[in-house]
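Quick note: the sequence shown uses this note's numbering, first residue 3, plus one each step.
Yeah, the Cβ is synthetic: ideal placement off N, Cα and C, and Gly gets one too.
Just below is one structure, and these are the notes that go with it.
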Amino acid sequence: MNKEYYMKTDKLAVWQPKGVLDTKKILEFVTFLNEQSQQHDPHFNRFVDLCHISGVSVRYEDLYPIAEQRKIYYNSNVKQKVKMAFLVNNPFTYGMARMYMILTSNPLLKVNILKKMEEVANFLEVDISLLNA
């Protein structure tokens, strides 16, 4: 099991990046999601915990094509709504999550940016114990 991302259940993917968040890490997580979508029903929810990163080295120009690819993925592979929750602990990580949320806007992807683990559990409709590493 990767220490940063893994399938907690067949309905929940978790990513808890550490250190500096960069484009390489984001692309690795996207690859993981794509692989899991082939092994599982692609309608699993996503939880991204941004509380353990020490910095962000991602520019809009880097994030935009990733978001466009994800929109194409959702349009092609997702037939029912999936949820993606971001847990943030400062204005900068909130801004990054918000930018991604806007760029990936899709009626089948419901994104929420939250500040408390309890809020994430409620949004994803899971027991909070599933969200902890």
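| Check | Outcome |
| --- | --- |
| Contained alpha helix (DSSP H) runs [length at least 4] in the segment 22 to 74, N- to C-terminal order | 25 to 41 |
| Helix, strand or coil at N92 [DSSP, three-state] | coil |
| Straight-line gap, P109 to N77 (C-alpha atoms, nearest Å) | 9 Å |
| Bridge partner(s) assigned by DSSP for T106 | The partner list for T106 (beta bridge, DSSP) is empty, contrary to what the question assumes. |
| Buried or exposed (CB count within 10 angstroms, at least 16 for buried), S134 | Note that residue 134 corresponds to Asn in the displayed sequence, not to Ser. Burial call: exposed. |
| Close beta carbons around N91, own chain, < 8 Å, minus the five adjacent residues each side | L52, C53, K117 |
| For V128 and I104, the rounded distance between their alpha carbons | 25 Å |
| Burial state of R72, where buried means 16 or more other Cβ atoms lie within 10 Å | buried |
| Neighbourhood of K10 by C-beta, 7 Å cutoff - its chain only, sequence neighbours within 5 removed | V16, L132 |
| Inter-residue Cα distance where the pair is A87 and Q38 | 18 Å |
| Proximity to Y96 [Cα-Cα], best of V80, Q82, N114, V84 | N114 |
| Cβ neighbour criterion (16 or more within 10 Å) applied to K26 | exposed |
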